[in-house]
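In our numbering, the protein residues as written are 1 to 277.
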């Protein structure tokens, strides 16, 4: 909310030009794409999307955004690709909207992180993931400002946005989804995460090792054995992009780590082969 408040209310040149460009779906956007050498743009309702509104308003905004995006994609079918906006406050409605978005030709679902501070690993949100798996539509987990339980120390030092807070919050959200068994329950579900995997590939060995140790210790009653080590879900379920990471050493490290995971499940640390229901 802190970042959204800046861009929606600041008179600065940066804020106003971003707002203007985001809302243009025709000549100005196409001109910017041409100037930058971009043939196709993947367009989605960006953070925080509908996630900060009450359910009724969120549904209205998501449907309207999807309708407007479909119209733009029809006007420029060779240039625009759409993602389905959802209102995760209403998982059942969102599941139906995912089906509608798939029928409209959208290629993914845009999921703008936590919902008013609540992460979507709770099973009440799982109809969203069930619907995405059913129609074969990947879910892009997009950053937004950190949740109210996380943002305080970041905001105190101006670290709440893309500088650090986005990655911390999104990486945390994805980890929560993994360890609570979302990808065991929906093994064909595909997620997309940007920014080099929000640093999780860097932590792959330690995540696998310490999560396995935590399972063995029984420290947390709610944590159950998973089908795979945490890194294994980057082989089976998770795609990584390098958006916002224009630095070769980080890109090469991430690529080599993911290649190693894909080829051999490198750490051979497993907790169980049981499947969560």
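Idealized CB from N, CA, C, for every residue including glycine. Given the structure is predicted, the values throughout are model-derived calculations rather than measurements.
Asked, Found
"DSSP state of residue 82, grouped into three classes?", "strand"
"Using only the alpha-carbon positions, how far apart do residue 201 and residue 162 sit?", "18 Å"
"Quick one: give me the first and last residue of the beta strand (DSSP E) that residue 140 is part of.", "139 to 141"
"Could you please give the first and the last residue of the uninterrupted beta strand (DSSP E) stretch that includes residue 222?", "Taken as a continuous stretch (DSSP letters only), residue 222 belongs to no beta strand (DSSP E), as it is neither H nor E."
"Could you name the residues of the same chain whose beta carbon sits closer than 6 Å to that of residue 46, not counting the 5 residues immediately before and after it, in chain order?", "none"
"Output the boundary residues of the beta strand (DSSP E) element that contains residue 183.", "Note, residue 183: premise wrong, no beta strand (DSSP E); alpha helix (DSSP H) at 182 to 185."
"Can you have a look at residue 88 and say buried or exposed, based on whether 16 or more other CB atoms are within 10 angstroms of its CB?", "buried"
"Tell me which same chain residues have a C-beta within less than 6 Å of the C-beta of residue 112, skipping the five on either side of it?", "47, 48, 49, 51, 142, 144"
"Buried or exposed: which applies to residue 137, given that a residue is buried once 16 or more other Cβ atoms fall within 10 Å of its Cβ?", "buried"
"Nearest to residue 140 by CA position, among 253, 237, 22, is which residue?", "237"
"Can you tell me whether residue 166 is buried or exposed, with buried defined as 16 or more other CB within 10 angstroms of its CB?", "buried"
"For residue 278, which residues from the same chain have a beta carbon less than 7 Å from its beta carbon, with the 5 sequence-adjacent residues on both sides left out?", "Past the boundaries of the shown model lies residue 278; the chain is included only from 1 to 277, so the question cannot be answered."
"Jot down the residue ranges of each uninterrupted alpha helix (DSSP H) in the region 68 to 139, minimum 4 residues, whole runs only, in chain order.", "91 to 104, 126 to 135"
"Is the separation between the beta-carbon of residue 63 and that of residue 97 shorter than 8 Å?", "yes"
"Residues in the same chain with beta-carbon distance under 7 Å from residue 125, minus the five sequence neighbours each way, listed in chain order, please.", "88, 91"
"Does the separation of the CB atoms of residue 208 and residue 230 fall below 8 Å?", "yes"
"Using a threshold of 8 Å, state whether the C-beta atoms of residue 239 and residue 188 are closer than that.", "no"
"Would you list the residues sitting across from residue 191 in a DSSP beta bridge?", "139, 238"
"Taking only three categories from DSSP, how would you classify residue 42?", "strand"
"Any idea what DSSP makes of residue 53, helix, strand or coil?", "coil"
"Which of the three DSSP states, helix, strand or coil, is assigned to residue 214?", "helix"
"Looking only at C-alpha atoms, which of 80, 39, 133, 11 sits nearest to residue 24?", "80"
"Can you tell me whether residue 283 is helix, strand or coil according to DSSP?", "With the chain represented from 1 up to 277, any question about residue 283 goes unanswered, as that position is not in the structure."
"The alpha helix (DSSP H) with residue 19 in it runs from where to where?", "13 to 23"
"What does the alpha-carbon distance come out to for the pair residue 250 and residue 16?", "32 Å"
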